[in-house]
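Written below as structure tokens is the structure these notes are about.
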Amino acid sequence: MTVLVSHTMSAVLEAKGGHWLSPQRFLKYQAILVEQDDVEIVVTNIVNPASFLSGSMGEPVIHDCLETIEATYSSRPDLKDTPLEDAETWFTDGSSYVVSGRRHAGYAVTTSREVIESGPLPTNTSAQKAEIIALIRALELAKGKEINIYTDSRYAFGWFMLTEPSGRKEDC
Numbered sequence: 010m011t012v013l014v015s016h017t018m019s020a021v022l023e024a025k026g027g028h029w030l031s032p033q034r035f036l037k038y039q040a041i042l043v044e045q046d047d048v049e050i051v052v053t054n055i056v057n058p059a060s061f062l063s064g065s066m067g068e069p070v071i072h073d074c075l076e077t078i079e080a081t082y083s084s085r086p087d088l089k090d091t092p093l094e095d096a097e098t099w100f101t102d103g104s105s106y107v108v109s110g111r112r113h114a115g116y117a118v119t120t121s122r123e124v125i126e127s128g129p130l131p132t133n134t135s136a137q138k139a140e141i142i143a144l145i146r147a148l149e150l151a152k153g154k155e156i157n158i159y160t161d162s163r164y165a166f167g168w169f170m171l172t173e174p175s176g177r178k179e180d181c
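So, in structure tokens, the structure goes:
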């Protein structure tokens with residue numbers, strides 16, 4: 010089978026896959042896309058999927074996929090991977106669970122000693138959305154402060170790094 014792609018998949022997967030995929034999904038996609046003897050990945054500059062049906066491969070792609078991804082999804086300059094000195098430290102958490110067939114959801118923004126804000130969320134709120142809402146609330150409450158905010162949710166962290174959060178919960 011020949012798979013036409015607009016990027017060098019193996020390079021993108023190996024260099025950037027860990028940023029967006031769990032280790033399990035990364036290995037699954039790597040096994041499916043890269044390690045199969047009966048699958049050939051061919052880079053093409055055709056971006057309209059309907060054009061794949063014509064069988065024309067087009068001219069080679071003239072861009073560096075990893076460079077493009079880095080430029081597009083680079084970390085925001087206002088975010089650091091080391092804690093700020095002399096800044097407050099906050100933690101966020103969101104949860105969603107089912108008891109007796111009924112879903113409950115909530116979020117919290119805390120320090121190591123006190124709850125800054127917590128509250129219930131609508132019953133249709135997923136655990137991932139609750140984590141994002143907690144992170145958004147922490148950002149709203151911390152506006153104008155120098156602060157370190159920690160989340161235990163890789164999903165919320167990834168969502169935040171790949172978007173420009175506006176505080177609109179419907180974007181989750």
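Just so we're aligned, residue 10 is where the sequence shown starts under this note's numbering, counting upward by one.
Idealized CB from N, CA, C, for every residue including glycine.
Bear in mind the structure is a predicted one, so any value in this text is a computation, not a measurement.
In three-state terms, what does DSSP make of residue i?
i    : result
E123 : coil
P131 : coil
L93  : coil
Span of the beta strand (DSSP E) holding residue i?
i   : result
E44 : Neither: E44 is in no beta strand (DSSP E) and is coded neither H nor E.
L13 : T11 to V14
Compare the beta carbon distance of residue i and residue j with 8 Å and say whether it is the shorter of the two.
i    : j    : result
S105 : A139 : yes
N157 : T98  : yes
L150 : V118 : yes
D161 : D95  : no
Give the C-beta separation of residue i and residue j to the nearest angstrom, bearing in mind that I take them to be a contact with Cβ-Cβ under 8 Å.
i    : j    : result
T132 : A114 : 7 Å
R146 : E123 : That pair is no contact at about 15 Å.
Report buried or exposed for residue i, applying the criterion of at least 16 other Cβ atoms within 10 angstroms of its Cβ.
i    : result
I41  : exposed
L144 : buried
L36  : exposed
Residue i lies in the alpha helix (DSSP H); which residues open and close that run?
i  : result
L5 : Since the first residue shown for the chain is 10 and the last is 181, residue 5 is missing from the structure and cannot be characterised.
Is residue i close to chain D? Criterion is C-beta to C-beta, closer than 8 Å.
i    : result
I141 : No chain D is present in this structure, which holds just one protein chain.
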